[in-house]
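In what follows, a structure is listed as structure tokens, so that the remarks can point back to it.
Numbering (our numbering), first residue to last: 696 to 1897.
Encoded structure:
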């Protein structure tokens, strides 16, 4: 074993303790993502055995249940180790310093365990480390200075531990050789303190910096403006103070900024692409903009909850959650972390403490009210910006006990709408109380709440026309942006379009209002983009992440284009999105999680999307249509789909799902269509699925499903329109109740194990049935009544496809078959046991394009009426007992491209009218009794690809015109009575792969033009009267695998190819291929025959038969020669038989010696020729020494080697 990958399964229990004892060459071992281990100390004992794996490079046992400490033997693993991943287990104890001897390690993952102690200083020895994660353990102490030696590292995750002290100066790129490759640093949720080092600004490759949840103090370093590539910066929940640097505006790629819960002051300088991903980014805020996003953000800060939390995916929104809590339950919903403030000594007085708490409650109520008023669904009901600011100012004054104590009783200076025309005190919710001394509270402020008020209060500059809204420390992107944001987002989308062949985006420019751009629909009131529809525009490119800025988008339609790459994760910000259709593209990667809970339709079919169906899809409670058909999805059908009670359509077919159909699917009471065809599902169909009476389409073909159908299925599923369970392993009878499914249009039961009869009234009520396929089952019993059900199908006036081939139906075709729908275009009844003549009535189906009656016992002639089927494209009557001539009316079938009449008893000549079928691609008339010459008009079939005329009685020459068949790939005229020379024009058939002329009386030489048949693989000219030299240029046929020139009068050497592989052989080359070919000719067997795939080779098969059993292995066709009158004498006949036997033994010996495995043991060419000449002389009784040489060869003497 070198490579062992068991990851991502459901293995459980322990790992064999001696797993690696004998695997000395093992270099790759992944056991991750299973259920291995018991959580105890012995779980990792198997690591001892891995010390024998001296080539081990990858070792991953993460995401299991391993417990105990890391054994000290882990330090003795291979020095070649590059990846060591043990995260997400239950490991305890300290991190053994020995693992830091793996100097080739580039990935180290110990996240989410219970490790304690410090990170050993020796980590600095791993100078090739690129990625390190110790996240969420119990590690403590300082971050070791030696981490600064890890100069290749680009990802360092130490979050959620108990590290203390400062960030080591060695981590910072003060000079060359430090961590100047660092792209992400996460030390959040620790106990780090001190100033944030300004030298972090030198980490120019940083994309993510997460320092939240520590005790950092001081100001934000001005050097952070140098982090041009940073996308996420989180400094929240520290003790930072001072001004927010204005030059943060230079961070043009910044998407996530969190400065909340600090003591910072000043404004956050908004930039065109700055802001939190969820609330819409890009563009400046509109001076008249909507404050909806600010309201939601304020409610988030107050409650500690997000609109996307699971609580709100199955219940009310965050807005409603807060609204219902006012005013009595406000303290239940406020985030408790805001209230963690101890009262001072002055506040220990019970009455004062009660008053402090009341004030805190009143301010909380007021803030929640503002959040609710800002986030009303209708824009007309929301507070305007001026009133928001006034409200926040008053809350600040009341909380600090300053300002006019009568201010709260004054009416609003401006109302947000008619519904808010009431005193401000009522809106904000602060009743008038007796003024208390501010000194009581000033020193003991509830700092968390005060921070929220101050950070929420918009410090702004009043302009004459309006207010410009800026956000402070806790704000990420507050109010609704103008449609300028939408315009910039769409232009960014356009920039990533590499090809626009229909000029669909030509209108997308500054000269035209974006609402008039092609494919763009805006809302009437706000003029925001609500629909983007570019279906079928043949656009090529990648999907821009700036689509996530279209915050009002409800419908995104991009199907039938050529989009590549991943689906942008930013689509999860489109919280209004209801319809998403990205089907028929070339999208890759996994599906984004946390999509909008407003989604009703998701159509991602016909892409290359991989991974599993995200668990977050289980929260899309409004979803009614989910189509992921034809992707690369894996895993099982997730049971959580059953939680989506509104689902009506599910199509997951043509993916790589495994497992069974979850029983919980039966809970989808509104389901109308369920499709999981062409996956890898097994097991039975849950009985509950058959109970969903609303089901109209059940499409589960091409799986490994088994079981029988409920006998009352037609009663349980009365609304079925489309029922396809083909290509599975269903068994039992076809339920008679199916005839009750009166709405049925498409019924596919083929390729299963159904048996018994077909319900006689199957089609009685199915007036709309257009597709019926019962083929490839075990239906029928071989008697006359088997096809009685066809009578009921005469009611199916829309029937177009009727296939009952490959069953056990017997009897004659009933005359009622002629009364089937005139729309019928496919009738397949082949491979049954049908008898009698072909009823002329079926030739009234003038729309028929495929007619298959092959493999039955039909007799009589082919009816002349067949000429009526002028739309016929495929006609297959092969393998019957049809007789008589081919009707001349066959020439009326000018649309046919496949005509198979082989293996019958047809006689006469090929009708001249066949020349009318100019589009013919396959013509098979083999194995009949046809006579006469091959028509010269054959050259007119310019599209002909396969022509099979073998085993007939054709006479005359092979027409020269056959060389005009430029598309011909196979020509078989073997076993006829053709004569004359082989036409040299065959060399013009450059696409020929198989040419079979054996068993005729061709004469003359092999045409040199055959060297032009560069693609030919099989060439059989045996058993003719050919003479002359074998053309040397046959060596140019490098794809030739099978060559048979036997039983002719040819001379010269066969320019052999290595058997089946191509390549020119030298004049002194190996004769292996000749030996195998000789054995094939003598035995009639091929090396690829099944008997040799499970037993010995053809060489061994012949070798063990010599000499006693030689006549048992020789092809009997070689011996079909009558004795002459002179040989009929018993004595002479014995001598003749002995001579034949001796010659065959000698030939087989030559074949065996030529095909020895070792080239050194094979006969050389010279001895082969001598041996064959000797056999010839003995057989013909010529040559002075023929008999003596023959006997020497038979006894194994005289075999020389060069």
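Ideal placement from N, C-alpha and C gives every residue a C-beta, glycine not left out.
Residue i lies in the alpha helix (DSSP H); which residues open and close that run?
i: residue 1861; result: 1860-1875
i: residue 1408; result: 1408-1411
i: residue 1747; result: Run containing residue 1747: none; DSSP gives neither H nor E here.
i: residue 1262; result: First-last for residue 1262: undefined, no H or E at that position.
Does DSSP classify residue i as helix, strand or coil?
i: residue 1067; result: helix
i: residue 833; result: strand
i: residue 1794; result: helix
i: residue 1450; result: strand
i: residue 1506; result: strand
i: residue 1589; result: coil
i: residue 1490; result: helix
i: residue 1545; result: strand
i: residue 733; result: coil
i: residue 1110; result: Note that residue 1110 scores 30 on pLDDT, short of 50, meaning its location in the model is unreliable and no value can be drawn from it.
i: residue 926; result: coil
i: residue 1208; result: coil
i: residue 1540; result: coil
i: residue 1899; result: The structure shown has nothing for residue 1899, since the chain only spans 696 to 1897.
i: residue 1856; result: helix
i: residue 850; result: strand
i: residue 795; result: helix
Go ahead and label residue i buried or exposed: buried means 16 or more other beta carbons lie within 10 angstroms of its beta carbon, across all protein chains shown.
i: residue 1624; result: exposed
i: residue 1374; result: buried
i: residue 1344; result: buried
i: residue 798; result: exposed
i: residue 710; result: buried
i: residue 951; result: buried
i: residue 1546; result: buried
i: residue 1841; result: buried
i: residue 1864; result: exposed
i: residue 1576; result: exposed
i: residue 807; result: buried
i: residue 890; result: exposed
Alpha carbon to alpha carbon, how far is residue i from residue j?
i: residue 1695; j: residue 1683; result: 22 Å
i: residue 784; j: residue 802; result: 17 Å
i: residue 1318; j: residue 1334; result: 15 Å
i: residue 1847; j: residue 1869; result: 17 Å
i: residue 1228; j: residue 1212; result: 11 Å
i: residue 852; j: residue 883; result: 9 Å
i: residue 1708; j: residue 1796; result: 34 Å
i: residue 1454; j: residue 1367; result: 26 Å
i: residue 1273; j: residue 1435; result: 38 Å
i: residue 1531; j: residue 1551; result: 10 Å
i: residue 1586; j: residue 1494; result: 28 Å
Which residue comes first and which comes last in the beta strand (DSSP E) that contains residue i?
i: residue 951; result: 951-953
i: residue 1775; result: Residue 1775 -> not in any beta strand (DSSP E); alpha helix (DSSP H) instead, spanning 1767-1778.
i: residue 1804; result: No beta strand (DSSP E) holds residue 1804; DSSP gives it neither H nor E.
i: residue 1194; result: 1192-1194
i: residue 1322; result: 1320-1322
i: residue 1235; result: 1235-1237
i: residue 1392; result: 1392-1394
i: residue 910; result: 910-913
i: residue 1602; result: 1600-1603
Is residue i close to chain C, meaning its C-beta is less than 7 Å from at least one C-beta of that chain?
i: residue 1478; result: In the structure shown, chain C does not exist; there is a single protein chain.
Exercise for the section: Only counting runs of 4 or more residues, tell me where the alpha helix (DSSP H) segments fall wholly within the stretch 987-1024, in order along the chain. Expected result: 987-998, 1005-1008 and 1013-1020
Practice task
May I have a chain-ordered list of the beta strand (DSSP E) segments no shorter than 3 residues that lie completely inside the stretch 1607-1665?
Solution key: 1617-1619, 1624-1628, 1641-1643 and 1648-1651
Practice task
At 4 residues or longer, and completely inside the stretch 1408-1482: list those alpha helix (DSSP H) runs for me, N to C.
Solution key: 1408-1411
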